[in-house]
Structure formats: structure tokens, C-alpha cells
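>
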Amino acid sequence: MNQERVNKFKGRWVSGATLLSIIMLVVFSISLFFRRINGDEGIIGEWAYWLANYGEARSMLYYSYFGDKALSLPIYHKFYTILLAGLIKVFDFQPFYLRLLSLLSFVGLISLINIYLRNKQIKLFSWFVIAGYFLSQSLMFNFAFVARPELLMAFFAFSTFFSLRQFSLTKDWKWALYGGLISGLSFYSHLNGIAIISAAGLFLLFHFNWKAIIAFGLSAFAIASLFVVDIPGNYLGLLNELSQAPDVKHSSFSIGRVLMKVLTEHERFFHNAGLVVFSSATILSLIFTWRQQRKHDSDLLIFLLLLVLSLSLLTHGKTAKYLLFYMPFMGLIILQAVYYLFESQNLKKLVVISILSIAGAGISIGDYLKEYPYFVSVEERNNAMGQLMDKGAIVMAHDAFVFGQLEQFEIRSPIIFFFTHEGFRDNEQDDCFEYLDFARNHDYDYVAIDLLLERNEIRQIFGDERFNLGDTLAGYNISFKDSDFLIFKQIKN
-11 MNQERVNKFK GRWVSGATLL SIIMLVVFSI SLFFRRINGD EGIIGEWAYW
39 LANYGEARSM LYYSYFGDKA LSLPIYHKFY TILLAGLIKV FDFQPFYLRL
89 LSLLSFVGLI SLINIYLRNK QIKLFSWFVI AGYFLSQSLM FNFAFVARPE
139 LLMAFFAFST FFSLRQFSLT KDWKWALYGG LISGLSFYSH LNGIAIISAA
189 GLFLLFHFNW KAIIAFGLSA FAIASLFVVD IPGNYLGLLN ELSQAPDVKH
239 SSFSIGRVLM KVLTEHERFF HNAGLVVFSS ATILSLIFTW RQQRKHDSDL
289 LIFLLLLVLS LSLLTHGKTA KYLLFYMPFM GLIILQAVYY LFESQNLKKL
339 VVISILSIAG AGISIGDYLK EYPYFVSVEE RNNAMGQLMD KGAIVMAHDA
389 FVFGQLEQFE IRSPIIFFFT HEGFRDNEQD DCFEYLDFAR NHDYDYVAID
439 LLLERNEIRQ IFGDERFNLG DTLAGYNISF KDSDFLIFKQ IKN
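Using our numbering, the first residue of the sequence shown is number -11, and each one after it goes up by one.
1. Would you call L206 buried or exposed, if buried means 16 or more other Cβ atoms sit within 10 Å of its Cβ?
2. Can you say whether A183 is buried or exposed, counting buried as having 16 or more other CB atoms within 10 angstroms of its CB?
3. Check each candidate in L59, L157, T460 and P361 and name the one with the smallest Cα separation from D472.
4. From the DSSP output, in three-state form, read off N228 for me.
5. For K309 and R256, I'd like the C-alpha separation in whole angstroms.
6. So what's Q478 in DSSP terms, helix, strand or just coil?
7. For E29, count neighbouring Cβ atoms within 10 angstroms of its own Cβ and tell me buried if that reaches 16, exposed if not.
8. Suppose contacts are defined by Cβ-Cβ distances below 9 Å. Is I170 in contact with F144 by that definition?
9. Unbroken alpha helix (DSSP H) runs of length 4 or more, entirely within the stretch 16 to 51: which are they?
10. What whole-angstrom Cβ distance do F67 and Y166 have, given they're in contact under 8 Å?
11. Could you tell me if the beta carbon of F81 falls within a distance shorter than 8 Å of some heavy atom in the ligand COA?
12. Would L295 and A187 be called neighbours here (beta carbons separated by less than 9 Å)?
13. Among the candidates L224, A381, G463 and A203, whose CA atom is the shortest distance from the CA of I479?
14. Please report the straight-line C-alpha distance between N(-10) and K(-2), rounded to a whole angstrom.
15. Would you report the Cα separation of F116 and L7, rounded to the nearest angstrom?
16. Alpha carbon to alpha carbon, how far is M248 from M141?
17. Which residue wins for smallest C-alpha separation from L289, given the options Y356, M318, L13 and G189?
18. Are the CB atoms of T252 and I322 within a distance shorter than 9 Å?
19. Roughly how far, in whole angstroms, is the beta-carbon of E34 from the beta-carbon of L20, given that I think they are within contact range, below 8 Å?
20. To the nearest whole angstrom, what separates the beta carbons of F122 and R87, a pair I think is in contact under 8 Å?
21. Taking the CB atoms as reference points, tell me whether L193 and I201 lie closer together than 9 Å.
22. Which two residues bound the contiguous beta strand (DSSP E) that contains N465?
23. Hey, out of I446, L39 and N228, whose CA is closest to D387's CA?
24. Answer with buried or exposed for I18, where buried requires no fewer than 16 other C-beta atoms within 10 angstroms of its C-beta.
25. For the alpha helix (DSSP H) containing R447, name the first residue and the last one.
26. With burial defined as no fewer than 16 other Cβ atoms inside 10 Å of the residue's Cβ, what is the status of V366: buried or exposed?
27. Looking at L312: is its Cβ nearer than 9 Å to the Cβ of F131?
28. Where does the unbroken beta strand (DSSP E) through I399 begin, and where does it stop?
29. Under the rule that 16 or more other beta-carbon atoms within 10 Å means buried, what is E138, buried or exposed?
30. What is the rounded straight-line gap between the Cα of Y328 and the Cα of K108?
31. Buried or exposed: which applies to K379, given that a residue is buried once 16 or more other Cβ atoms fall within 10 Å of its Cβ?
32. Where are the beta strand (DSSP E) runs, 3 residues long or more, that stay fully inside the stretch 363 to 388, in chain order?
33. State the DSSP-derived secondary structure class of D355, mapped to helix, strand or coil.
34. Could you tell me the alpha carbon to alpha carbon distance between A212 and G181, rounded to whole angstroms?
35. Considering only residues of the same chain and omitting the five flanking positions on each side of R136, which have a CB-CB separation below 8 Å?
36. Taking only the alpha-carbon atoms, compute the straight-line gap between G74 and A40 and give it to the nearest angstrom.
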């Protein structure tokens, strides 16, 4: 193919990629100030709030389920929560500040990917193009500024691989030691870090070296053990606590079930339109450039395969958010494919990958804009709803009600209801009484429903016109009702 034509196409491609990245970075920057609250931000934020102000992680949201154990949680995202507590001490207990940790993790991840590519003499992509490309994936766009640990875990996963690849290249066992420290930190941050430790340990078996294996194992175990140091019985105590966790205790661990967990892992890759596009781009990139990827990037492919196997076996469910563990590796496969296709002058295949990238960016922006009705100040809504109830009362409300109200009320999470009522939503008329009966049985003074921020299941039941101010249901009186809030106050005998 004419080299001049290739160079001309490359120049246009780089210009287009730069423009797309600028668009994604601008939209992302705007989104930092206009975002929908994630319910888990309230749950995790509460742990960090108590840790920052009282020296131990608590979960008063879950007090009705855990009892006194909620006053000193044995299991939570420990290192991640410690970091959040530091942000609370430096700044304030607000979603924006808690989300900074994910943003820093994203910046660190992109920087490390940039270093990785430059070490391989791949200089086609600037830092901003790499960042823009990853933000064109809706899942990454969302979690890069959410107070959840997945972006930090993605950073740890890739940092572990980066260290072990350096060991693969240099045979210096110290890199295995660093990989062990980082993977141990991932477990200390989130129990799913066990998958990163597993993948890294298996990866070292492909580059067998006793000194490296021992260095990795000891360092990973030492840091990971920080998670259990305050749990009676340490690792045995951890297993006992996990066996009682609401999302684990009813799970099956039969051989057939374990096999099915591996065979159904593909569901995580095709969970929504954005992931379908991203996963398809990864698969096509491997097909188009398999010979080059196998020759030059075997370490990355092996580590990704081991990580997929480990995560599928060792985690619960197929939630899409854990695909973030894989995304740095999948994104690298795509970026490297673009480089290899330019080297081989295969412009038609480049166009296919480029079209998928543009489609991903469109989906990412579209998914963000669909959340527009929820771009509200959570603190302002919470303050408004809090004014409608007596201070110091026990209130069942959405988890994000903790922001600005944690010292004003004893707040209980509706999730407790779902832990104990698996058949909820069978009949809407009966379900509203079932929900209020649950609150009455736990002697909650108020059931407060934010008709914008509450869980979908609850909003669908209570968000219609059949409830009127003054109505009495299941021992509660409707003390307030408008288009934003529905407040039930317990009728005291």
C-alpha cells in the first residue's frame, strides 16, 4: 500500500482520536459536578464517616440486621474505607470528596498504561487519547467518579501485572515482591482482591522462580493479613463471618455450581450495550492481530485469562462493575491492535475498530445524559426531607440519606427489608403493607421515601396517587406527601 496514503490516514486518525478524546474529557469534567448518587456511596460513606470521627467503622444503616455487630464491623472494604476516612478528615463528608479517590485511581491507571505502552515503544497514543478512549466506555466513565472501590481495584490489578511483567523481563525477584505487596493491598481494600492474588500467583508459575514465588507469597500474605488482624480467629473467623453474609449464606458451592460460574462468566462481558461494543472490539482486535499479540503480548494475555478464571470462580454473581478489573487489559489489547494494524497497513480493519470506538463514546455520553433527571444536590434534598421529621427519630430511608443527616437521625436502610423478603413485588397492594409492617416490627418512627432517589422497587409501589395525606396504613400515618417526598409516621399507642 502507498506509504503516503498510510501516513495521511494515520494523521487523520490521530486527529480524530484526539478530537474524540477532548470531547470525552470535557463531558467527563462537566460530569464531576452533575452526577446521580449511587446508593452504595451512602453505605460505604457511612463506614468511613464513623471511622474518621469515632475511630471504628460502623453500619447503623444495617443495625436492624447485624445488631451490635454493626457497631464495630468485622468485614468491610477496609483499606479503601481508611482512605475515604482520610478524605473526610481533610475535606468533608460529601459525595464529591469521597469520589476523588476513584478519580485519582483513574488518573493513576491511565498514567501506568501510558508508561506500559511507551516501554514497548508504542508512542502512537498520548496520555489524553488513552484517557479519552477509556472514558468512551460507559462503565469506566461512570465508575471513574463514584465512591466505590472498583477503580482502585482496577488500578491494583494492572499495577500487579505491571510489576510481574517487569519480573518476567528482568528476572529480578524484587518485582515479584512489589507485585505481592500491591496484590495484598487489593485484598485489604476489597475481598475480591483474592482474585488478583490468585491470578498473579498462577502467572508466576509460568515464569517459575523459587525466590520470586516466595517473595510474592510472603509479601501478599503479610499485607492481606491486615484485613483479618482485628477479626477473632483471623482467617477462620473471616470464613465464619462470610458464611453468615446475606449474599453468600444461601449460595451453593457444589462442583456443578462452580463449573457454571466459569462457563457463564461471558455474561459479565455483554451486560449492556456499552459492554457489548467494548467486548466486541476486544474480540475483533484479537482476531485481527492475533499473531502480533501472541508474539509480543503473551504476558498480558495470560494474566488476563488467569484473572478472568480467578474472578469467575472466587466472586459472587455476574455484576457488570467487576468487569472493571479486566478493562485495563481489554483496552490495551484494542490500543495495541490499532498500533499493529497501522504497522501492517491494514486500514480496513482499523476502520472497523474505529467505528466501534466511536459507537462506544456515543453510548457513554448517551448513558450519562439519560441520568439527567437525577442530577440533584443530595444534601439539599436530604435537608428538605429531614425538616419533615423529628430530630433523633429512627428513620428508614434511602442509603444516601446519610449525607448531611447522619448525626440528626438514626437511619436504617431499606436493603434490610430485601434481605428478608425475597418474594417482594408479587402484589403491589399487599407489598406496601408488607413494607410498612416490617418497619413497624422494628419500631421505626418514620418511613421516609424520596420519590426520586429511593430504590426503584419502592418508588414503583409508593409513587402513585392512591396514597393521600392523613391516610393510615399498617400503623403509620401519612404525615407528608408531595411530588418529592412521602413520609409515614408511626402511630404511637
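Glycine included, C-beta positions come from ideal geometry on N, C-alpha and C. Quick caveat, the model's predicted, so the values are computed rather than measured.
From the atom records:
1. The residue given as residue 206 occupies position 218 in the sequence shown. Here L206 is exposed. Its C-beta has fewer than 16 other C-beta atoms within 10 Å.
2. Looking up residue 183 in the sequence shown gives position 195. The residue is buried, with at least 16 neighbouring Cβ atoms inside 10 Å.
3. Position 484 of the sequence shown, counted from the start, is the residue given in the question as residue 472. It is P361.
4. Here residue 228 is taken as the residue at index 240 of the sequence shown, counted from 1. The answer is helix: DSSP assigns N228 an H, G or I state.
5. Reading the sequence shown from its first residue, position 321 is the one you call residue 309. Reading the sequence shown from its first residue, position 268 is the one you call residue 256. Answer to the nearest angstrom: the Cα atoms are 8 Å apart.
6. Residue 478 sits at position 490 when you count from the first residue of the sequence shown. Strand, per DSSP.
7. Against the sequence shown, residue 29 aligns to sequence position 41. Using a 10 angstroms sphere on the CB of E29, the tally of other CB atoms reaches 16 or more, which defines it as buried.
8. For this step, residue 170 is matched to residue 182 along the sequence shown. For this step, residue 144 is matched to residue 156 along the sequence shown. Against a cut-off of 9 Å, the Cβ pair of F144 and I170 comes out as a contact.
9. Counting whole runs of 4 or more residues, the stretch 16 to 51 contains the alpha helix (DSSP H) stretches 27 to 42.
10. Residue 67 sits at position 79 when you count from the first residue of the sequence shown. Residue 166 sits at position 178 when you count from the first residue of the sequence shown. Wrong, their Cβ atoms sit about 17 Å apart, outside the cutoff.
11. Absent from the structure shown: the ligand COA. Ligands present: none.
12. On the sequence shown, position 307 is the one that residue 295 refers to. On the sequence shown, position 199 is the one that residue 187 refers to. Note that the C-beta distance between L295 and A187 is below 9 Å.
13. As a working mapping, residue 479 is identified with position 491 in the sequence shown. Ranking L224, A381, G463 and A203 by Cα distance to I479 puts G463 first.
14. Indexing the sequence shown from 1 puts residue -10 at position 2. Indexing the sequence shown from 1 puts residue -2 at position 10. Straight-line Cα distance between these residues: approximately 13 Å.
15. Translated into positions along the sequence shown, residue 116 becomes position 128. Translated into positions along the sequence shown, residue 7 becomes position 19. Roughly 10 Å between the two C-alpha positions.
16. The residue given as residue 248 occupies position 260 in the sequence shown. The residue given as residue 141 occupies position 153 in the sequence shown. Rounded to whole angstroms, M248 to M141 spans 25 Å at the Cα level.
17. As a working note, residue 289 is residue 301 in the sequence shown. In terms of Cα proximity to L289, the closest of Y356, M318, L13 and G189 is M318.
18. Residue mapping note: residue 322 aligns to position 334 of the sequence shown, counting from 1. Residue mapping note: residue 252 aligns to position 264 of the sequence shown, counting from 1. No, the pair does not count as a contact, with Cβ atoms beyond the cut-off.
19. On the sequence shown, position 46 is the one that residue 34 refers to. On the sequence shown, position 32 is the one that residue 20 refers to. So it is not a contact: roughly 23 Å between Cβ atoms.
20. The sequence position of residue 122 within the sequence shown is 134, counting from 1. The sequence position of residue 87 within the sequence shown is 99, counting from 1. In fact, because the Cβ distance is near 17 Å, the residues do not count as touching under 8 Å.
21. Counting from one through the sequence shown, the residue named residue 193 turns up at place 205. Counting from one through the sequence shown, the residue named residue 201 turns up at place 213. Contact: yes.
22. Indexing the sequence shown from 1 puts residue 465 at position 477. Annotation for N465: the continuous beta strand (DSSP E) segment containing it runs Y464 to K469.
23. To locate residue 387, count along the sequence shown from 1; it is residue 399. When only C-alpha atoms are compared, the closest one is I446.
24. As a first step, residue 18 is located in the sequence shown; it is residue number 30 there, counting from the start. Around the CB of I18, fewer than 16 other CB atoms lie within 10 Å, so the residue is classed as exposed.
25. Sequence index remark: in the sequence shown, residue 447 carries index 459 (1-based). It spans N444 to F450 - the alpha helix (DSSP H) in which R447 sits, taken as one unbroken run.
26. By 1-based counting over the sequence shown, the position of residue 366 is 378. Per the 10 Å Cβ criterion, buried.
27. The count along the sequence shown starts at 1 and reaches residue 312 at position 324. The count along the sequence shown starts at 1 and reaches residue 131 at position 143. Contact flag set, yes.
28. Along the sequence shown, one-based indexing puts residue 399 at 411. Annotation for I399: the continuous beta strand (DSSP E) segment containing it runs E398 to R400.
29. Numbered from 1 along the sequence shown, position 150 holds the residue referred to as residue 138. In summary, E138 is buried, with 16 or more beta-carbon neighbours lying within 10 Å of its beta-carbon over all protein chains present.
30. Counting from 1 along the sequence shown, the entry for residue 328 is found at position 340. Counting from 1 along the sequence shown, the entry for residue 108 is found at position 120. Counting only the Cα atoms, K108 lies some 12 Å from Y328.
31. If you number the sequence shown from 1, residue 379 lands on position 391. Burial call: exposed.
32. The qualifying runs are 382 to 384.
33. Taking the first residue of the sequence shown as 1, we reach residue 355 at position 367. Secondary structure at D355: helix, using DSSP grouped into helix, strand and coil.
34. By one-based count along the sequence shown, residue 212 stands at place 224. By one-based count along the sequence shown, residue 181 stands at place 193. Roughly 9 Å between the two C-alpha positions.
35. Working through the sequence shown from its first residue, we reach residue 136 at position 148. Excluding residues within five positions, the ones whose Cβ falls inside 8 Å are N26, D28, E29, I32, S90 and K309.
36. Here residue 74 corresponds to residue number 86 of the sequence shown, with the count starting at 1. Here residue 40 corresponds to residue number 52 of the sequence shown, with the count starting at 1. C-alpha separation (whole angstroms): 7 Å.
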